[in-house]
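Residue numbers (the UniProt record's numbering), protein chains in the order written: chain U, 1 to 321; chain C, 1 to 321.
2 protein chains.
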Amino acid sequence: MSRLTLALDVMGGDVGPRITMPAAIKAVGDDPQLSLLLFGHRDQISPYLKQIPEHLKDVKERLVLCHTSKQIQSEDGILRAMRRSHDTSMYLALESVANGDAQGCVSAGNTGALMGLAKRLIRPLFNIERPALMSIIPSLDNTPQVMLDLGANIDCSAKNLYQFALMGTIFVEQYFKLFHPRVALLNVGTETYKGTATIRQASQMLEADNRINYIGFIEGDNLLEGKANVIVQDGFSGNIALKTLEGAVKNLQILLKKQHSLFNPEQYNGASLLGLQSVVVKSHGGANMSAFYYAILNAAKQVRSHIPQQIAKALTINSFI
Amino acid sequence: MSRLTLALDVMGGDVGPRITMPAAIKAVGDDPQLSLLLFGHRDQISPYLKQIPEHLKDVKERLVLCHTSKQIQSEDGILRAMRRSHDTSMYLALESVANGDAQGCVSAGNTGALMGLAKRLIRPLFNIERPALMSIIPSLDNTPQVMLDLGANIDCSAKNLYQFALMGTIFVEQYFKLFHPRVALLNVGTETYKGTATIRQASQMLEADNRINYIGFIEGDNLLEGKANVIVQDGFSGNIALKTLEGAVKNLQILLKKQHSLFNPEQYNGASLLGLQSVVVKSHGGANMSAFYYAILNAAKQVRSHIPQQIAKALTINSFI
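(1) Hey, does S85 of chain U have any beta-carbon neighbour from chain C nearer than 7 Å?
(2) Work out the CA separation of L6 of chain U and A27 of chain U for me, nearest whole Å.
(3) Pull the bridge partners of L133 of chain U from the DSSP assignment, please.
(4) Between C:C66, C:T68 and C:L117, which has its C-alpha nearest M82 of chain C's C-alpha?
(5) Pull up the DSSP beta-bridge partners for F39 of chain C, would you.
(6) Measure the C-alpha to C-alpha separation of I212 of chain C and S157 of chain U and round it to an integer number of angstroms.
(7) From F126 of chain C to T88 of chain C, what does the alpha carbon distance come to, in whole angstroms?
(8) Give a yes or no on whether the minimum CB-CB distance between K243 of chain C and chain U is below 7 Å.
(9) Any chance the region 122 to 136 of chain C sits against the region 214 to 222 of chain C, with 3 or more Cβ pairs inside 8 Å?
(10) What is the residue span of the beta strand (DSSP E) that residue 402 of chain C lies within?
(11) Report all residues from its chain with a CB closer than 6 Å to the CB of S96 of chain U; omit the five preceding and five following residues, and keep chain order.
(12) Starting from the beta carbon of G195 of chain C, find every residue of chain U whose beta carbon is closer than 8 Å, and list them in chain order.
(13) Should I72 of chain U and A98 of chain U be called a contact, given that it needs their Cβ atoms to be closer than 7 Å?
(14) Do you know whose CA, among U:Q309, U:I311, U:N298 and U:E207, lies nearest L34 of chain C's CA?
(15) For A113 of chain U, tell me which candidate among U:C105, U:K227 and U:S85 has the shortest Cα-Cα distance.
(16) Measure the Cβ-Cβ separation of V230 of chain U and V188 of chain U and say whether it is below 7 Å.
(17) Can you give the beta carbon distance from A291 of chain C to E266 of chain C, rounded, assuming they're within the 8 Å contact cut?
(18) Whose Cβ in chain C lies nearer than 8 Å to the Cβ of T111 of chain U?
(19) Kindly confirm or deny that the region 193 to 213 of chain U and the region 148 to 163 of chain U touch, where touching means at least three C-beta pairs closer than 8 Å.
(20) Does T20 of chain C get closer than 7 Å to chain U when you measure Cβ to Cβ?
(21) Using a Cβ-Cβ distance cut-off of 7 Å, determine whether Y268 of chain U contacts chain C.
(22) Which value, in whole angstroms, describes the spacing of the CA atoms of L49 of chain U and S278 of chain C?
(23) Measure the alpha-carbon distance for N239 of chain U versus T196 of chain C and round it to whole angstroms.
(24) In three-state DSSP terms, what is L140 of chain C?
(25) Please specify which runs of the alpha helix (DSSP H), each continuous and at least 4 residues long, are wholly inside the region 194 to 232 of chain C, giving them in chain order.
(26) Can you round the beta-carbon distance between L273 of chain C and M115 of chain U to whole angstroms, since I take them to be within the 8 Å contact cut?
Pasting the structure below:
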């Protein structure tokens, strides 16, 4: 392993130094080649540095306090936060990377401010239209998987998506030493005619590039299955997909701790076509008997609840429509 | 409970009658007021009807075989499937609703074809621009929750989203007898400035309508938490969110059966800002020590893997950029 310096925004995150400082100390303790520049308030950082025992002098020397009394106020809104960002711990941490004092930066602060300042101070790579937010995600069989974009780019062109696929490919090759990684676009179906015009155009661009191992569209329920190594989508749906995944994992763990049984997905079979003059229920194509049974019960209950009639009634007294 | 007739597309779904017929028989057995019109091939339906024991004559009488030898070919693509849909089990089932022979329809066939045919045969309600696909979703505390749209409308206007919120409100009021249900828009953050121009405009429309109990934006990780009763989004992100949720539940159950431990989400902390000239890693704001530690390791590994340099290199040899 090579020598390496990272810049840390110690003040970022919901908690700040109480979390970031112990993590920093553990990281340099574990990695004898790692140094950290600690950007934040000296009064909040020094107590942690003083607690490091004498015999870990070497660790202490690789933790460099870079004092600043300012920090990004995340309740400010991004634009306001960025205007007032000068000399904040996040700004200085990124600037130290731009200056070459550090080779990378870690922050738990506001994502929008971090991306905005990073674009301004560190600059996008030549030819990159939009830097993207990417994360490694788990898979059942431990296949390396990354997803991007995750919210930095709400609206994306086909070319943006293509560039994300390319960046993700390089990341997986370099980070996991997995060559020719499988690339997929996250879409609402696997057939080529599915999705927006933009995603279909991105699909054609990826298909045409034989240096990218493009396998086509995948759907949300494949995210944990390791089908692709690079999963690409616009930042809006990517953010929603990732947070949905995180929420499911977190909440299912809570349920398990409470010794509750898991949901019975069969019970939730049956999507309703709402806004029609009568009740129409769509069962899962792969429904089993019990699941299809629930779809029937669902339709019966909708009819008995007079859903279409009630919607029609609401429409007649509605000012927006 | 009132008397009720539903039309069933017996042939729809991955398996067809082997699934739909036992479900149909169970449903009429359980509900003495329910009759079903069974659209499908007589050779595949009759064997099930013949198996019903004599003493359940009453059940048998409420199962009405409506023979057709045609069915929607889902591998056809939606437009082609719809053009050739005449006299299929799905078409006839929907037509029986349009004619008043049945009051609702259940199908496990192709969603696009079902929505397309339903719009043509049953017609949208007056003033509804776009019928939506909606599903009831589970919540940890058993709060009734519905989500829409789930894929019927890939691109949505603010007015579409507003109408979905209204339809969802009526559904929850009527179906669950839960009045003044909480309505939220699924977005990439909870602050009012987050998301697309469309979603912000829909938010203003919902805010302005005091008959809708609008609570603002929610995020993907709140989906199981019962924060809202009606969760509204465009069909693209809704489809991805729902399938992601389903996939997570399914796959976590598989993991549990295998006695594997669940993922450690801390290990996956750290989103990368990709496309910049240096490594920048965004930790979760709410990260704990261990999670932030992993974000640091992640950044270190990225620097050592020369991610920005390798992306830059790939860009110089890329024909699309």
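We put the CB at the ideal spot given by N, CA and C, even for glycine.
Let me lay it out:
(1) No, no contact with chain C.
(2) Using only the alpha carbons, I get a separation of about 11 Å.
(3) C:L273
(4) C:L117
(5) C:D9 and C:C66
(6) 34 Å
(7) Put simply, the backbone Cα of F126 of chain C is about 27 Å away from that of T88 of chain C.
(8) yes
(9) no
(10) Outside the modelled stretch of chain C, which goes from 1 to 321, sits residue 402 of chain C, for which no answer is possible.
(11) A7, L37 and A102
(12) In chain order: I154 and F236.
(13) no
(14) Ranking U:Q309, U:I311, U:N298 and U:E207 by Cα distance to L34 of chain C puts U:N298 first.
(15) U:S85
(16) no
(17) 4 Å
(18) The answer, in chain order, is A271 and K282.
(19) Between the region 193 to 213 of chain U and the region 148 to 163 of chain U there are three or more C-beta pairs closer than 8 Å, enough to call the two in contact.
(20) yes
(21) yes
(22) 27 Å
(23) 13 Å
(24) Three-state result, L140 of chain C: coil.
(25) 197 to 208
(26) Confirmed, about 6 Å.
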